[in-house]
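Here the sequence shown stands for residues 15 to 353, numbered as in this note's numbering. All residues carry an ideal CB built from backbone N, CA and C; glycine is no exception. Only one structure is covered here, and it is reproduced in the block below.
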Amino acid sequence: MYCPSTTSQRLLLAVAFIQGLLALSIEGYVLVTVEVDLDPAAYQVFSGHAVPMYFSLFIFAFVHEIVIVYDALRLSNMIQIVGLCIYNILLLVYAIVQPLHVKKALDTLSASLVMGERPILPLGLHTWERVSLALMAVVLVQVVATVVTCFLAYKLHFEFAWVMYRVLHAELSMRRRLLTFQAPQIYMALIKFSVFFLLGFLVQVAVLMVSQADPEFGLSISGIFVTLFVVWMAIKFALEEKKIGTTLVILAYLGAAGYLAYKLSVFYNSGNYALVVFTAITLVIICCTVVMAICCMSNFHKGLVVYITPQQKVMENDVPLRYAQNTSYRLESLRMDLD
15 MYCPSTTSQR LLLAVAFIQG LLALSIEGYV LVTVEVDLDP AAYQVFSGHA VPMYFSLFIF
75 AFVHEIVIVY DALRLSNMIQ IVGLCIYNIL LLVYAIVQPL HVKKALDTLS ASLVMGERPI
135 LPLGLHTWER VSLALMAVVL VQVVATVVTC FLAYKLHFEF AWVMYRVLHA ELSMRRRLLT
195 FQAPQIYMAL IKFSVFFLLG FLVQVAVLMV SQADPEFGLS ISGIFVTLFV VWMAIKFALE
255 EKKIGTTLVI LAYLGAAGYL AYKLSVFYNS GNYALVVFTA ITLVIICCTV VMAICCMSNF
315 HKGLVVYITP QQKVMENDVP LRYAQNTSYR LESLRMDLD
């Protein structure tokens, strides 16, 4: 089992754990505070699901982040580390939007009456005043975590660059070739990050926008399983260098992009800016994934498998290259028996 070997690597993993623990503790306080104040009838309206949905989404986000961090360190993948920095920035944007959406949901619940007699959320409880500072604290935690993550990524850049320099021995042709094959690494990283955003989008649509009797609810739930299947096939076809399979994956991503573009206009017209932000982010990631998939496919059968397949021994210019645990690739010496 892989264990981080340097101080920067251990700190990056620790930051991900502490960030998730602090943010989820605060989100848990917000959830409990709101749930105690709400009338049970709140679950009959979409606004009543806003706070539980945010809590669930952030749980998924931080668990996914820890997995991404561990995977990036295990593979010494600087591209994935850079993606992690961008991922944190996007989570920061969503954390900033969260208070606006929660306040709107609480105002809607305060204006809604149960049986025409009592409000779902009594104004006298001052729920928003009690949770607003906590929501801002989540933003603060995310700001600090993002800054520290970017700093550690900068430090890791030099560690991974030195590893690569030792592997390639500063040979210019090898360094140029490595740059050529970075497109597949970017593609694989985008696939991993797209999982969270696609699933998060579908969950929000199912919970906040449609009722269980609506056909779109069933489509959103089934879309979760379809997304997982497409992601699995995307990785499988990339590793096996299957052009037809990758083409089908690209078509699936294009279909998802079309659906996201349609929902983006719907959310914008309805004034749901939290979902507008999340959908726009997801759409950009999907479009980038399609572009990288095309670049990746153009490099099939040109040595791509060396750069994206871990723990697999292949031949490169008659020299075996083997993926090493704490390095990108190490040269394996050849011995010849002399008679």
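Buried/exposed call for Phe31, threshold 16 Cβ in 10 Å: exposed
According to DSSP, residues forming a beta bridge with Leu27: Paired residue(s): none; Leu27 is not in a bridge.
is_contact[Cys17, chain D] using C-beta, thresh 7 Å: Considering every chain present, this structure includes no chain D. It has just one protein chain.
Inter-residue spacing [alpha-carbon to alpha-carbon] between Leu106 and Met15: 32 Å
Buried or exposed by the 16-neighbour rule on C-beta atoms within 10 Å, applied to Asn102: buried
Secondary structure, alpha helix (DSSP H): runs of 4+ residues fully inside the region 119–182: 141–182
Helix, strand or coil at Asp53 according to DSSP, with G and I counted as helix: coil
Residues near Thr20 in its chain [Cβ-Cβ closer than 7 Å; skip 5 each side]: Glu173
Beta-carbon spacing of Ala64, Ala151 below 7 Å: no
Three-state secondary structure assigned by DSSP to Glu5: Because the chain is modelled from 15 through 353, residue 5 falls outside the range shown and cannot be assessed.
DSSP state of Gly34 mapped onto helix, strand, coil: helix
Boundaries (first-last residue) of the alpha helix (DSSP H) holding Met311: 287–312
Under the three-state DSSP convention, the category Tyr16 falls into: coil
Proximity of His315 and Glu230 at Cβ, strictly below 7 Å: no
Per-residue burial, Val50 [other beta carbons within 10 Å of its own, 16 or more giving buried]: exposed
Short Cβ contact (7 Å threshold) for Ile205 with Val158: no
Minimum C-alpha distance to Met29 - residue among Leu268, Ser90, Ser312, Gln156: Here residue 29 turns out to be Val, not Met, going by the sequence shown. The residue with the shortest Cα to Cα distance from Val29 is Gln156.
Range of the contiguous alpha helix (DSSP H) that encloses Ala220: Neither: Ala220 is in no alpha helix (DSSP H) and is coded neither H nor E.
Counted within 10 angstroms of its Cβ, other Cβ atoms place Cys310 as buried (16 or more) or exposed: buried
Helix, strand or coil at Ala184 according to DSSP, with G and I counted as helix: Unreliable positioning characterises Ala184 in this predicted model, as indicated by a pLDDT of 49, which lies under 50. The coordinate reading is nonetheless provided below. In this structure, Ala184 counts as coil in the three-state DSSP scheme.
Burial state of Lys277 (16 or more Cβ within 10 Å): buried
6 Å Cβ shell around Val209 - same chain, five flanking residues per side excluded: Val245
Per-residue DSSP class, three states only, for His315: coil
Cutoff 8 Å; reference Met67; Cβ partners in own chain excluding five residues on either side: Val217, Gln218, Val221, Leu222
Contact under 7 Å by Cβ, Tyr273 with Thr303: no
DSSP three-state assignment for Glu255, whether helix, strand or coil: coil
Contact under 7 Å by Cβ, Tyr168 with Ala307: no
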